[in-house]
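First residue of the sequence shown: 19, per our numbering; consecutive thereafter.
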Amino acid sequence: MQNRQQPNELGKKSAKASLLTISVALIFASILLVSYQFVSLRNAIIEDVTVQSRIIAENTVAAVMFNDEKAGDEILGSLRASPAVCSAVIFNAHGKLLAEYLHHGQHMDNPDAELLQQGYVIDTHHLTVAQNVMADGEVVGTVSVRVDLDQMYERLLTSALITLSIVIASLGFAYLLVTRMRRVVSETEAHLTYLAHVDSVTGLPNRHAFNEHLAYALPKIKRFGGSIELLLLDLDNFKVVNDTLGHNNGDQLLKAVADRLTTTLRDTDVIARIGGDEFAVILESRYPKARGARVATKIVSALSAPYIVGQHEIYVTGSVGIASYPADGVDLPTLTRNADTAMYQAKARGKNTFAEFEQAMDHNAQKRLLLENNLRRALERDGLSLHYQPKLNLKDGNVTGFEALLRWTDPELGVISPAEFIPVAEECGLIVQIGHWVLNTACRDMAALRELGLGRVKVAVNLSVRQTRSERLLSDILALLQEWHVLPEQLGLEITESVLMENIESNVSLLNQLRAHGIRLSIDDFGTGYSSMAYLKRFHIDELKIDRAFVKDIPGDGEDEAIVTAILALAHSLGLSVVAEGVETAEQQAFLHSAGCEQIQGYHFARPMPVQDIPAFLASLSSREVLPA
19 MQNRQQPNEL GKKSAKASLL TISVALIFAS ILLVSYQFVS LRNAIIEDVT
69 VQSRIIAENT VAAVMFNDEK AGDEILGSLR ASPAVCSAVI FNAHGKLLAE
119 YLHHGQHMDN PDAELLQQGY VIDTHHLTVA QNVMADGEVV GTVSVRVDLD
169 QMYERLLTSA LITLSIVIAS LGFAYLLVTR MRRVVSETEA HLTYLAHVDS
219 VTGLPNRHAF NEHLAYALPK IKRFGGSIEL LLLDLDNFKV VNDTLGHNNG
269 DQLLKAVADR LTTTLRDTDV IARIGGDEFA VILESRYPKA RGARVATKIV
319 SALSAPYIVG QHEIYVTGSV GIASYPADGV DLPTLTRNAD TAMYQAKARG
369 KNTFAEFEQA MDHNAQKRLL LENNLRRALE RDGLSLHYQP KLNLKDGNVT
419 GFEALLRWTD PELGVISPAE FIPVAEECGL IVQIGHWVLN TACRDMAALR
469 ELGLGRVKVA VNLSVRQTRS ERLLSDILAL LQEWHVLPEQ LGLEITESVL
519 MENIESNVSL LNQLRAHGIR LSIDDFGTGY SSMAYLKRFH IDELKIDRAF
569 VKDIPGDGED EAIVTAILAL AHSLGLSVVA EGVETAEQQA FLHSAGCEQI
619 QGYHFARPMP VQDIPAFLAS LSSREVLPA
């Protein structure tokens, strides 16, 4: 992706700017240093020559007063020890030359004003210092000393060359340092870019890279034409693998899935891992959408073959949702959301398949989101309730207990069926909290009925698959029983066949622990799942509940009658009692009674009722006939 190059380019520009800044700073510092040296040398020479001229002036008073040329020459002769002095003269008060020392340069026998006025004059090559000769506070003459500055320039040039050498060496060192730093920074940036764009488990592009690619591709398609098909893939039941075999094996499985996707798709297709067990595929084309369904079919087929992870053979399938740009979304969030909606539709169709986005799905997705949000509020604000449906003993007409059924009436949506909101609670993870609320409410209501003098009323509660996976389930149940002073045998737990068969070893252990504490166990909706007699023996349960699907057409439907009779025979051979659900007619009740079914549950006997109606219902049983005479 093009914009991945930007950090490296910025790094190069930054390194060049840093090197240029260092170079300018060193050159500027060098100029300041040479300038400082020039000023320092010049001031030192001026001070030295001024001192020399003052000493000569102080020793020349007598020679000037007596116009003694010989004495003047001798005094000036002392300057031979200073090779920088090119000439010196002594003038009397009238400006007449008294004595002269000439080392090199020109004579100063015709003095300018600068040679007679105390102070100094400096030009390019010479420094001339004039010093008054004083006697009794009066000027009686002048001493002028001229110094050659070439030696100062030579020293200054030497110093400048040394400084230049240091600057060049420093620039070289700075260049090497900046180059090394740039290399280190580039390597670090490359590594950070890799980490920011590549999934560490599979080596595929991650969500960040996926978003970048789509953000770059969508405007390109919009400008030049064509289409993009986005496929979102979610592995089915991957969490079970992680929970049972551990995260290391889970990571190995994800790598294997990534390898299959890579070998299944073309090199030009973009594959990314965008979440825990979620992958995305971006198909770009110059033509309207055409490949999405074919590619999804290949993916589903490729993933369905078994995986060998460690010592385990694992079967994991995938559900794929397809959305197309621009038909199903004109921006990245919409396109991604619609592909996700289609993927959930594929899961709803039974998993291990794909679905293409349709506008009706968006309506369903919005409704599902509304359900989830309102369900969260209902749980927080005590908007849920339990209704209790009694079970009738066909032998003596007594009520053996009640099943707690969850009900929800939303202020905005009205009455919502459990068949509609329970799957939503399962998907969004609320089912564990709701399950705990149901257990707590059922225990509370059993305690309330006991306080009303109804004795130890028994209540059965349904367990979800997520609850059975929780390590806290047993401890939470025992804590609630203790809190509400409810006996374990009052509580029954109903678990469907599909839940029991999901993780057999773990569920066998859980059921054994629950039963060891005296809690009653039932298999709900029996006959609709896939449990065998061998597993039924391992699950230490108390009763089977015949699903209403086998009850609704009896008597009269020979197949259903045979199934019900077989279930009753199987249960009785294992020492289990049987409850038939969905009994709505007297004929159904009569058939079940004659077939040997112990208990029934259904509208023919009683509808579900709130807990406050239970006392009146139980009281009414004595005044009405519940069994045929």
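All C-beta atoms in this analysis are idealised placements derived from N, C-alpha and C, irrespective of residue type, glycine included.
In this text, all values refer to a predicted model and were calculated from it rather than measured experimentally.
- In the DSSP assignment, Met152 forms a beta bridge with Val157.
- Secondary structure of Val185 (DSSP, three-state): helix.
- For Ile564, the enclosing beta strand (DSSP E) begins and ends at 561-564.
- Ranking Gln407, Leu410, Asn391 by CA distance to the CA of Gly401 puts Asn391 first.
- When the five nearest sequence neighbours on each side are left out, the beta carbons in the same chain lying within less than 8 Å of the beta carbon of Ile537 are those of Ile495, Pro506, Glu507, Leu509, Gly510, Leu511, in order along the chain.
- Less than 9 Å divides the Cβ of Val327 from the Cβ of Gln270.
- CA-to-CA, the gap between Val313 and Ala373 works out to about 12 Å.
- The residue from Val477, Ala311, Thr68 with its alpha-carbon nearest to that of Val165 is Thr68.
- Residue nearest to Gln329 within the set Arg395, Met519, Asn267 is Asn267 (criterion: CA-CA distance).
- Our two residues, Thr39 and Met170, have alpha carbons roughly 32 Å apart in a direct line.
- Here DSSP, grouped into helix, strand and coil, assigns His330 to strand.
- In the three-state reduction of the DSSP assignment, Phe623 falls in the coil class.
- In this structure, DSSP gives Gln169 a helical state, which the three-state scheme calls helix.
- Taking the Cα positions, Ser342 is about 8 Å away from Phe375.
- Rounded to the nearest angstrom, the Cβ distance from Pro633 to Leu472 is 6 Å, consistent with a contact under 8 Å.
- A straight-line Cα-Cα distance of about 11 Å links Arg487 and Leu518.
- Considered as a whole, the stretch 235-303 harbours 256-263, 265-282 as its complete alpha helix (DSSP H) runs of no fewer than 4 residues, in chain order.
- Distances from the CA of Ala290 to each of Thr282, Arg284, Val299 were compared; the closest alpha carbon is that of Val299.
- Beta-bridge partners of Lys413 (DSSP): none assigned.
- For Asp428, the three-state secondary structure derived from DSSP is strand.
- Shown here, Ser337 sits in a strand according to DSSP, grouped into three states.
- Taking C-alpha positions only, Trp426 is separated from Lys273 by approximately 43 Å.
- When rounded, the separation of the alpha-carbon atoms in Arg533 and Arg556 is 13 Å.
- For Gly419, DSSP records a beta bridge to Lys409.
- For Ser516, the enclosing alpha helix (DSSP H) begins and ends at 515-520.
- Counting C-beta atoms within 10 angstroms of its own C-beta, Gln606 has 16 or more neighbours from the protein chains shown and is therefore classed as buried.
- The DSSP-derived three-state label of Thr371 is coil.
- Residue pairing for Arg538: DSSP places it in a beta bridge opposite Gly510.
- Rounded to the nearest angstrom, the Cβ distance from Thr160 to Ala148 is 6 Å, consistent with a contact under 8 Å.
- Per DSSP, the beta-bridge partners of Arg164 are Ser105, Thr146.
- Note on geometry: alpha-carbon atoms of Ala102 and Glu156 lie some 31 Å from one another.
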